[in-house]
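Chemist: Got a structure for you, written out below as structure tokens; questions coming shortly.
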């Protein structure tokens, strides 16, 4: 079982409902498609910062990585990264990921709870 987060570039939506609409639009255009779009510089830097905290799953010899996929950068498309993490580590990893997004001027959305973070 995994837990997903979405992080994107852009203005922070006014509320959770608006964020859900933005997320769905980005997902439809960037994830649920055959088009391959490289991550933007800001999204690539965000993913690199996540990997500074926890290694990629395919490099995790000590079973400490929260990610459910590898390489994590493959979950990024253009201005969006939509990534899964292990449910057992989701509280810690999602809190860190949300704080990191906020500190770098990115938007973080939790599709399970349908709300903006933090």
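Numbering (the working numbering), first residue to last: 1 to 118.
Virtual Cβ for every residue (Gly too), placed ideally from N, Cα, C.
1) Can you find the residues in the same chain that come closer than 7 Å, C-beta to C-beta, to residue 6, ignoring five residues on each side of it along the sequence?
2) Please name the residue, chosen from 21, 117, 41, that lies closest to residue 95 on a Cα-to-Cα basis.
3) When you compare only the Cα positions, how much space is there between residue 8 and residue 50?
4) Between the region 59–69 and the region 11–27, do three or more beta carbon pairs fall short of 8 Å?
5) Under 9 Å, do residue 39 and residue 78 count as touching if we go by C-beta distance?
6) For residue 54 and residue 46, what's the separation of their Cα atoms in angstroms?
7) If I measure Cβ to Cβ from residue 89 and keep anything under 6 Å in the same chain, skipping five residues before and after, which residues do I get?
8) Measure the alpha-carbon distance for residue 103 versus residue 41 and round it to whole angstroms.
9) Check for me: the alpha helix (DSSP H) holding residue 23 runs from which residue to which?
10) So, using beta-carbon positions, are residue 86 and residue 93 closer together than 9 Å?
11) Going by beta carbon distance, what residues of the same chain come within less than 6 Å of residue 44, once the five residues before and after it are set aside?
Modeler: Based on what the coordinates show:
1) As a position in the chain shown, residue 6 is number 6, starting the count at 1. Only 23, 80, 82, 109, 111 meet the Cβ criterion.
2) In the chain shown, counting from the first residue as 1, residue 95 sits at position 95. Residue 95 has its Cα closest to that of 117, out of 21, 117, 41.
3) As a first step, residue 8 is located in the chain shown; it is residue number 8 there, counting from the start. As a first step, residue 50 is located in the chain shown; it is residue number 50 there, counting from the start. Near 14 Å, if we compare the C-alpha coordinates of residue 50 and residue 8.
4) no
5) Here the question's residue 39 lines up with position 39 in the chain shown. Here the question's residue 78 lines up with position 78 in the chain shown. Closer than 9 Å, so yes.
6) Reading the chain shown from its first residue, position 54 is the one you call residue 54. Reading the chain shown from its first residue, position 46 is the one you call residue 46. For residue 54 and residue 46, the distance between alpha carbons rounds to 13 Å.
7) As a working mapping, residue 89 is identified with position 89 in the chain shown. These residues qualify, in order along the chain: 66.
8) The sequence position of residue 103 within the chain shown is 103, counting from 1. The sequence position of residue 41 within the chain shown is 41, counting from 1. Each residue's alpha carbon lies about 16 Å from the other.
9) Start at 1 with the first residue of the chain shown, and residue 23 comes out as number 23. Counted as a single uninterrupted DSSP element, the alpha helix (DSSP H) harbouring residue 23 occupies residues 16–26.
10) Numbered from its first residue, the chain shown carries residue 86 at position 86. Numbered from its first residue, the chain shown carries residue 93 at position 93. Yes.
11) As a working mapping, residue 44 is identified with position 44 in the chain shown. So the list is empty, once near-sequence residues are dropped.
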